[in-house]
Ligand SMILES: [Ca+2]
Ligand SMILES: [Ca+2]
Ligand SMILES: [Ca+2]
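Numbering (the working numbering), first residue to last: 489 to 647.
Printed below as a string of structure tokens:
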């Protein structure tokens with residue numbers, strides 16, 4: 489019967505690994521599961537091809553259908569900080585597709601409040617927070633899909 493404990497001993501690390509893999513898969517799913525289902529409002533969408541509503545709702549990290557200010561700012565910052573050095577600067581844009589970088593750069597670098605060429609999380613939070621307020625039309629601190637859709641429609645109409 490000493491076999492059992494030996495077996496258990498060798499299984500434990502593997503189980504831990506499995507649990508890790510499962511956790512990783514679980515967090516990956518909401519991102520991958522975003523439907524390429526060709527719903528209504530899925531038009532040409534411009535060169536980026538990304539629906540702005542989807543871009544906003546991708547920030548919904550815990551998948552409860554609402555985007556908090558924190559989720560909104562963090563998900564965008566993390567995506568823009570390509571090299572993960574904690575700031576957004578020209579190095580990050582250098583790693584993006586050129587046309588994408590060009591479009592993003594002007595917009596993002598406007599958040600560089602002290603003009604040192606780097607956007608820190610604080611600087612980005614201040615700038616993105618203003619966008620967040622525009623989307624959160626009932627000011628309850630979360631953006632719902634309906635609010636995102638309404639805000640995007642309004643912005644389009646205003647252009
Ligand atoms: Ca960076
Ligand atoms: Ca700065
Ligand atoms: Ca709201």
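Here a beta-carbon is modelled for each residue, glycine too, at the ideal position from N, C-alpha and C.
Reduced DSSP secondary structure (H/G/I, E/B, other) of residue i
i           : result
residue 593 : helix
residue 514 : Its pLDDT being 44, under 50, residue 514 is placed unreliably in this model, and the value from its coordinates should be taken loosely. Helix at residue 514.
residue 572 : coil
residue 562 : helix
residue 522 : Note on residue 522: pLDDT 42, under 50, position unreliable in the model; the coordinate value appears next. Of the three classes helix, strand and coil, the one that applies to residue 522 here is coil, per DSSP.
residue 532 : Note that residue 532 scores 45 on pLDDT, short of 50, meaning its location in the model is unreliable; the coordinates nonetheless yield the value given after this. Coil at residue 532, not helix or strand.
residue 554 : strand
residue 527 : With a pLDDT of only 42 at residue 527, under the threshold of 50, the placement of this residue in the model should not be trusted; the figure read from the coordinates follows. Note: residue 527 maps to coil in three-state DSSP.
Short Cβ contact (9 Å threshold) for residue i with residue j
i           : j           : result
residue 612 : residue 581 : no
residue 474 : residue 573 : As displayed, the chain neither begins before 489 nor continues past 647, which places residue 474 out of reach and without an answer.
residue 636 : residue 561 : no
residue 607 : residue 592 : no
residue 605 : residue 577 : yes
residue 639 : residue 623 : yes
residue 601 : residue 614 : yes
residue 559 : residue 571 : no
Reference residue i, options the options, closest by Cα
i           : options            : result
residue 557 : 619, 638, 605, 633 : 619
residue 625 : 610, 641, 615, 614 : 641
residue 563 : 549, 598, 590      : 549
residue 585 : 599, 601, 568, 615 : 568
residue 575 : 599, 547, 602, 609 : 609
residue 632 : 602, 553, 542      : 553
Contact test: residue i Cβ vs ligand 1 heavy atom, cutoff 8 Å
i           : result
residue 576 : yes
residue 562 : no
residue 570 : yes
residue 552 : no
residue 633 : no
residue 642 : no
residue 539 : no
Residue i CB to nearest heavy atom of ligand 2 below 8 Å
i           : result
residue 636 : no
residue 611 : yes
residue 607 : yes
residue 601 : yes
residue 604 : yes
Residue i: CB within 8 Å of a non-hydrogen atom of ligand 3
i           : result
residue 628 : yes
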